[in-house]
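In this note's numbering, the protein residues as written are 225 to 602.
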């Protein structure tokens, strides 16, 4: 590896292959496991290890249901709120993780879920930020990250090119200049026939930015194939044990599997295009995998992703109790999961409307909750 951790290889147009081990919440809320994940990522040969920083009460309503793939995590009837609360890390934990990564010369990357968390990570002088697929409509978060001027990686699951353009434009408008875009399919795990590797080319040609692939398959060879299709950045989930209980363990690679994945991707990066093609053709199983994963290149959400978006997307939510007949002000509303109400990026349209009913605190808000909603151009 030997990267300068103050300047990762994908920054400043250098476009070197860059592999992120996504630890996410696979630490199960325990700092000791998080540190072990850093070591595992380092030993597997990753350039970077990434975590997610959120406060459950800021992220999701108390009544939000889990996504289907999360149902096997925790007891029956458990809410998304109850599940996610188990996997929080504190500011002190993240400061310790950042120092630990620096000492071991592996890049630390974070996906923050609120402006408050962005402010905190600025005190740690992080190099870059990652924006998860479910947050592309979270305008306040995009503004907070863009205003730092730091490089940003965007995952684009559940999104089409219009949504990608809107996200990039919002970041650039507030000062972000270094942006990379990852093709992503928000299915956990992603079936091979849904991968659509050709969409990496689509994003490259459409945006003109550095592109890559956030890989939710369980394949150890998909990194090779994604690089073949033009990816510069790879992101792959890492777990210490994929039999553990948690929302992401079963779609993650264990350390030895991640090492194989990374070694395979490094081989692809070292080959010329013709050598990559020959290698695939001479390996029947790899060739079959490649053909199944190519897809049509159209960048749009799959039908299955739209169901995930109901749980992982964000809506306008009441930040306090709102009596019928109240004119909505900015402090009365916020955005949270689930994505079943007015989309988060429409929050400004809600300000100034009059409530047509009593709205309890921490409730997803719908168009019919407002007077004359049918006259509003949403």
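Using N, Cα and C, we set each Cβ at its ideal position, and we do this for glycine too.
Since residue i and residue j should fall inside the 8 Å C-beta cutoff, what is the C-beta to C-beta distance between them, to a whole number of angstroms?
i, j, result
"residue 422", "residue 453", "7 Å"
"residue 363", "residue 571", "7 Å"
"residue 523", "residue 541", "Wrong, their Cβ atoms sit about 29 Å apart, outside the cutoff."
"residue 331", "residue 351", "7 Å"
"residue 594", "residue 578", "6 Å"
"residue 493", "residue 451", "6 Å"
When the Cα atoms are used, what is the spatial distance from residue i to residue j?
i, j, result
"residue 269", "residue 241", "12 Å"
"residue 234", "residue 428", "14 Å"
"residue 615", "residue 463", "No answer is possible for residue 615: the residues shown for the chain start at 225 and end at 602."
"residue 438", "residue 424", "10 Å"
"residue 186", "residue 517", "This structure does not reach residue 186, given that the chain is present from 225 up to 602, and the question cannot be answered."
"residue 263", "residue 489", "20 Å"
"residue 482", "residue 440", "13 Å"
"residue 380", "residue 300", "30 Å"
"residue 479", "residue 259", "14 Å"
"residue 287", "residue 588", "10 Å"
"residue 551", "residue 575", "8 Å"
"residue 243", "residue 568", "31 Å"
"residue 546", "residue 535", "24 Å"
"residue 527", "residue 382", "9 Å"
"residue 392", "residue 403", "8 Å"
"residue 508", "residue 272", "32 Å"
"residue 266", "residue 328", "8 Å"
"residue 317", "residue 308", "17 Å"
"residue 486", "residue 261", "16 Å"
"residue 191", "residue 359", "A question about residue 191 goes unanswered here, because the residues of the chain that appear run from 225 up to 602."
"residue 498", "residue 510", "16 Å"
"residue 390", "residue 384", "10 Å"
"residue 476", "residue 563", "25 Å"
"residue 406", "residue 315", "27 Å"
"residue 295", "residue 304", "9 Å"
"residue 282", "residue 338", "7 Å"
Quick one: what's got a C-beta closer than 7 Å to residue i's C-beta in the same chain, skipping five residues either side?
i, result
"residue 474", "466"
"residue 455", "424, 435, 436 and 437"
"residue 398", "367, 370 and 371"
"residue 226", "For residue 226, the predicted model reports a pLDDT of 38, less than 50, meaning its position is unreliable and no value from the coordinates is stated."
Leaving aside the five residues before and after residue i along the sequence, list all residues of the same chain whose C-beta is less than 8 Å from its C-beta, in chain order.
i, result
"residue 196", "Only positions 225 to 602 of the chain appear in this structure, which leaves residue 196 out of reach."
"residue 468", "250 and 252"
"residue 306", "298"
"residue 386", "none"
"residue 513", "416, 443, 445, 446 and 449"
"residue 229", "Because residue 229 sits at a pLDDT of 47, beneath the cut-off of 50, its placement in the model cannot be relied upon, and the following sentence gives the value as read from the coordinates. Closer than 8 Å at Cβ, skipping near neighbours: 325, 326, 329, 330, 331, 332 and 351."
"residue 394", "363, 366, 367 and 370"
Can you tell me whether residue i is buried or exposed? The criterion is at least 16 other CB atoms within 10 Å of its CB, across all chains shown.
i, result
"residue 408", "buried"
"residue 592", "exposed"
"residue 585", "exposed"
"residue 274", "buried"
"residue 539", "buried"
"residue 530", "exposed"
"residue 600", "exposed"
"residue 520", "exposed"
"residue 361", "buried"
"residue 420", "buried"
"residue 349", "exposed"
"residue 633", "Since the first residue of the chain shown is 225 and the last is 602, residue 633 is not available in this structure."
"residue 356", "buried"
"residue 553", "exposed"
"residue 460", "buried"
"residue 290", "buried"
"residue 400", "buried"
"residue 285", "buried"
Leaving aside the five residues before and after residue i along the sequence, list all residues of the same chain whose C-beta is less than 6 Å from its C-beta, in chain order.
i, result
"residue 248", "276 and 472"
"residue 396", "none"
"residue 446", "439"
"residue 313", "none"
"residue 388", "380"
Should residue i be flagged as near chain D, meaning a C-beta pair shorter than 9 Å?
i, result
"residue 246", "Among the chains in the structure shown there is no chain D, since it carries only a single protein chain."
In chain order, which continuous runs of the beta strand (DSSP E) of length 3 or greater are located wholly inside the stretch 416-448? 434-439
Just to confirm the assignment: which complete beta strand (DSSP E) runs, minimum length 3, are found wholly within the stretch 523-551? 539-542
Note down, one range per segment and in chain order, each beta strand (DSSP E) of at least 3 residues found wholly within the stretch 357-385. Runs of the beta strand (DSSP E) inside the stretch 357-385: 376-379.
In chain order, what are the residue ranges of uninterrupted beta strand (DSSP E) at least 3 long that sit wholly in the stretch 265-341? Runs of the beta strand (DSSP E) inside the stretch 265-341: 272-277 and 331-336.
Just list the beta strand (DSSP E) runs in the stretch 440-518, keeping only unbroken ones of 3 residues or longer that don't cross its boundaries, in chain order. 457-461
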